[in-house]
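Quick notes on the structure that follows.
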Amino acid sequence: MALTQTDLDALDHAIASNEVEVEMDGRRVKYKSTSELITARNHVAALVRAAAPQQPRSSFRFRFTTSRGD
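For the sequence shown, my numbering assigns the number 1238 to the initial residue and increments by one for each residue that follows.
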């Protein structure tokens, strides 16, 4: 089962509404507590982040010059 942003959104919604039961990928999962739900949310967030394509970091260099016009 590949976890998606939709699953992460479902976990966020459950945390916000203080529920402990979430439906993900057609399955209903009931967590023991909100802290367990938050742990699951952090795990899913890490997996979704890792699956996202990495964009190359771009770096910028600035060279400031001034001329007084003397």
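Beta carbons: idealized from backbone N, C-alpha and C, even for Gly. What you are looking at is a predicted structure, and each value in this text was computed from that prediction instead of being measured.
Between LEU1284, PHE1297, GLN1291, ALA1247, which has its C-alpha nearest LEU1274's C-alpha?
Residue 1274 sits at position 37 when you count from the first residue of the sequence shown. The option with the nearest alpha carbon to LEU1274 is ALA1247.
Just to check my reading of the structure: MET1269 and GLU1258 have Cβ atoms closer than 8 Å, yes? What is that Cβ distance to the nearest angstrom?
Start at 1 with the first residue of the sequence shown, and residue 1269 comes out as number 32. Start at 1 with the first residue of the sequence shown, and residue 1258 comes out as number 21. Residue 1269 is actually Lys in this sequence, not Met. Incorrect: roughly 11 Å between the Cβ atoms, too far for contact.
Go through the stretch 1245 to 1306 residue by residue and report every complete run of the beta strand (DSSP E) that reaches 3 residues or more, in order.
DSSP runs (the beta strand (DSSP E)) wholly in the stretch 1245 to 1306: 1258 to 1261, 1264 to 1267.
Looking only at its chain, what residues have a beta carbon closer than 6 Å to the beta carbon of LEU1284, apart from the 5 residues adjacent to it on each side?
The residue you call residue 1284 lines up with position 47 of the sequence shown. So the list reads LEU1240, once near-sequence residues are dropped.
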